[in-house]
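For the sequence shown, position 304 matches number 304 in full-length UniProt numbering, and the numbering has no gaps at all.
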Amino acid sequence: MRDEDRAAYRRFVERYRAHGGSPREDLLFARHAAQLGRNEPFRTLTVTDYLDGEGAGSRALMLLWTMGFCRIFGVAYAHTPLTRLTHADRPQAEFDTAWEAFFNLGAGEAAAGDDAADLFLLSHVKLPEGGDCTRFLDPPLERPRPAYYLEIDSLEHDALRRFYAFEFVEVLSAALPEARRRFRAANPRAGSDLVKVAVHLRRGDVGPERSDMWTSDEQVAATLAGVAGVLDAMGLAHRITLYSEGERGQFAALEGLRPRMVLDGDPIQTMRGLADADVLVSAKSCFSYVAGLLGDGVVLAEASRWPAMPGWIERGTDGSFDGAALEAALTARRP
Numbered sequence: 001m002r003d004e005d006r007a008a009y010r011r012f013v014e015r016y017r018a019h020g021g022s023p024r025e026d027l028l029f030a031r032h033a034a035q036l037g038r039n040e041p042f043r044t045l046t047v048t049d050y051l052d053g054e055g056a057g058s059r060a061l062m063l064l065w066t067m068g069f070c071r072i073f074g075v076a077y078a079h080t081p082l083t084r085l086t087h088a089d090r091p092q093a094e095f096d097t098a099w100e101a102f103f104n105l106g107a108g109e110a111a112a113g114d115d116a117a118d119l120f121l122l123s124h125v126k127l128p129e130g131g132d133c134t135r136f137l138d139p140p141l142e143r144p145r146p147a148y149y150l151e152i153d154s155l156e157h158d159a160l161r162r163f164y165a166f167e168f169v170e171v172l173s174a175a176l177p178e179a180r181r182r183f184r185a186a187n188p189r190a191g192s193d194l195v196k197v198a199v200h201l202r203r204g205d206v207g208p209e210r211s212d213m214w215t216s217d218e219q220v221a222a223t224l225a226g227v228a229g230v231l232d233a234m235g236l237a238h239r240i241t242l243y244s245e246g247e248r249g250q251f252a253a254l255e256g257l258r259p260r261m262v263l264d265g266d267p268i269q270t271m272r273g274l275a276d277a278d279v280l281v282s283a284k285s286c287f288s289y290v291a292g293l294l295g296d297g298v299v300l301a302e303a304s305r306w307p308a309m310p311g312w313i314e315r316g317t318d319g320s321f322d323g324a325a326l327e328a329a330l331t332a333r334r335p
């Protein structure tokens, strides 16, 4: 094992010691350690919950990325149900079970179980925790593995960031057709005579000091005014719904647009509202990013650490966007 693999593996051992202790974790750890020690190829991946502090959107994005990785590289995916999700608004087990049923991403997949003979752990998409997974594929890759979005942040050069962002999108795209089918099987889309415009505005635990996740009310108001203008010009009646946290008085900049406000609402129903939108104005957040991935509406995405998917319309820092592109996308969706 290379020195860098040993260092990474030591970090994995420390994480295991912090969270381990159950028979299942002991078995998974033993299998992972033996496989890394022998430098054997792995043929099965599962996403685990060894890392604390992950919400439903973050964990779902890990699942989607892993499923896409497995499809591209011919590795089997084994499903581990969602557990220990943060921001629980009910008993933890009930909260986890509700999200698992809502996403429905494990439908039809083999369960990871406790004794898969060739199972590799995947926690926070380190592939595997002990080093670069590309040497453990059969055959090994001759190039670095595709990067997860968190790793793209640390790259120094724009060209590298663009390359790895393209690969990140490519991996996700491999999983999305089936993931969307499963999601819609559990969450049929309700019809409406109105064009549903949903906006996610990240608040609560995020303030202006977090520029990587914060979007101002004024910027969102400019975007929504532009959306309303396009829809009015097309003769399409619409309803704007804001999903956020806080008190209505905190969003005075949006009042002129007369939005329906869902504040501090049920998180699963919030995700559903975002995914069901005909037009989604997403936040710099895994939560609405995943809603955009699983939904079938037009996504207006602000430039952020989460790469825009093909067909998404990017917003400027002033809230502006290509109105003609939105009109074309909406026209293409009409029967």
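Backbone N, C-alpha and C define an ideal beta-carbon position, used for all residues, glycine too.
Residue environment: residue 110 is assigned as exposed (fewer than 16 neighbouring CB atoms within 10 Å of its CB, all protein chains considered).
Remark: three or more beta-carbon pairs, one from each stretch, lie closer than 8 Å, so the region 277-291 and the region 184-204 are flagged as touching. Residue pairing for residue 262: DSSP places it in a beta bridge opposite 243.
Secondary structure note for residue 301: its beta strand (DSSP E) is the uninterrupted segment 298-302. Between residue 85 and residue 65, the CB-CB gap reaches or exceeds 8 Å. In the structure shown, residue 105 adopts coil according to DSSP, grouped into three states.
By the neighbour-count definition (other C-beta atoms within 10 Å, threshold 16), residue 191 is an exposed residue. Rounded to whole angstroms, the separation of the alpha carbons of residue 189 and residue 180 is 12 Å. A straight-line Cα-Cα distance of about 35 Å links residue 184 and residue 252. In this structure, the beta-carbon distance from residue 175 to residue 101 does not fall below 8 Å. Rounded to whole angstroms, residue 244 and residue 171 show a C-alpha spacing of 30 Å.
Taking all protein chains shown into account, residue 225 has fewer than 16 neighbouring C-beta atoms within 10 Å of its C-beta and is therefore exposed. Counting along the chain, residue 314 sits inside the beta strand (DSSP E) bounded by residues 313-315. 55 is the residue among 80, 55, 67 and 78 whose C-alpha sits nearest the C-alpha of residue 88. Here residue 302 is buried, its C-beta having at least 16 other C-beta atoms within 10 Å. With a beta-carbon spacing of about 4 Å, residue 319 and residue 223 fall inside the 8 Å limit used to define contacts.
DSSP, reduced to helix, strand and coil, places residue 280 within a strand of the structure shown. Considered as a whole, the region 44-83 harbours 44-47 and 76-79 as its complete beta strand (DSSP E) runs of no fewer than 3 residues, in chain order.
For residue 233, the enclosing alpha helix (DSSP H) starts and ends at 217-233. Within the same chain, 57, 58 and 61 come within 6 Å of residue 286 by CB-CB distance, once the 5 residues on both sides are set aside.
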